[in-house]
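Numbered by the numbering used here, the letters in the sequence shown go through residues 16 to 129 in order.
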Amino acid sequence: MTRTLSAGDDLAPGFAVADGTEAVRQRVVQRLRLFRGEAFTDADAGVPYIPDLLGARLPSALAASIVRSVLLSVDGVEDVLRIEVDLDGSTRQLSIDVEARADDGTTVGASVTL
16 MTRTLSAGDD LAPGFAVADG TEAVRQRVVQ RLRLFRGEAF TDADAGVPYI
66 PDLLGARLPS ALAASIVRSV LLSVDGVEDV LRIEVDLDGS TRQLSIDVEA
116 RADDGTTVGA SVTL
């Protein structure tokens, strides 16, 4: 069960649930926003932002590889089609833009900025 997210990717009010492609997209966004070690129920879930992505200047191919492995662990994601990782040193913002193929063959896109 995937709770519905609002336009700002926060939990929507009420008890609505998403299904199909939208559920996969929301799980991708939630996983990209989760710092590894942040979830007390599964310390290995999430992206190793600290120190792997935010604590070091990694080549973009290595950063994409880390994100790819996280995305492939998301329920409903069959393959990762595109990953763009951009760390802006002046604003200290990390942007991740991805496209993945869901189990049903549809394409799911998601973007997060931290």
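Using N, Cα and C, we set each Cβ at its ideal position, and we do this for glycine too. Predicted model only: the values in this text are computed from it and were never measured.
key: Where Ala117 falls: helix, strand or coil (DSSP)   = Translated into positions along the sequence shown, residue 117 becomes position 102. Ala117 carries a strand assignment under DSSP once its states are collapsed to helix, strand and coil.
Backbone CA spacing between Val62 and Phe30 [nearest angstrom] = If you number the sequence shown from 1, residue 62 lands on position 47. If you number the sequence shown from 1, residue 30 lands on position 15. Looking at the two C-alpha atoms, the distance is approximately 27 Å.
request  = Could you check which residue in Asp103, Leu68 and Thr36 has the C-alpha nearest to that of Val85?
outcome  = If you number the sequence shown from 1, residue 85 lands on position 70. From the listed residues Asp103, Leu68 and Thr36, the smallest Cα separation to Val85 is found for Leu68.
For Phe50, the nearest candidate out of Ala76, Ile81, Ile98 and Thr106 (CA to CA) = The residue labelled residue 50 in the question sits at position 35 within the sequence shown. From the listed residues Ala76, Ile81, Ile98 and Thr106, the smallest Cα separation to Phe50 is found for Ile81.
message = Could you pull the DSSP bridge partners for Ala125 from this structure?
response = Here residue 125 is taken as the residue at index 110 of the sequence shown, counted from 1. Ala125 pairs with Val113.
key: Reference Asp103; option with closest CA among Ala76, Leu129 and Gly120   = Taking the sequence shown and counting its residues from 1, the one referred to as residue 103 is at position 88. Residue nearest to Asp103 within the set Ala76, Leu129 and Gly120 is Leu129 (criterion: CA-CA distance).
query = Among Thr36, Leu47 and Gly35, which has the Cα closest to the Cα of Ser88?
reply = One-based indexing of the sequence shown puts residue 88 at position 73. With distances taken between Cα atoms, Ser88 lies closest to Leu47.
inquiry  = Between the alpha carbons of Leu96 and Arg83, how many angstroms are there, rounded?
reply    = Walking along the sequence shown from the start, residue 96 turns up at place 81. Walking along the sequence shown from the start, residue 83 turns up at place 68. Going from the Cα of Leu96 to the Cα of Arg83 covers about 9 Å.
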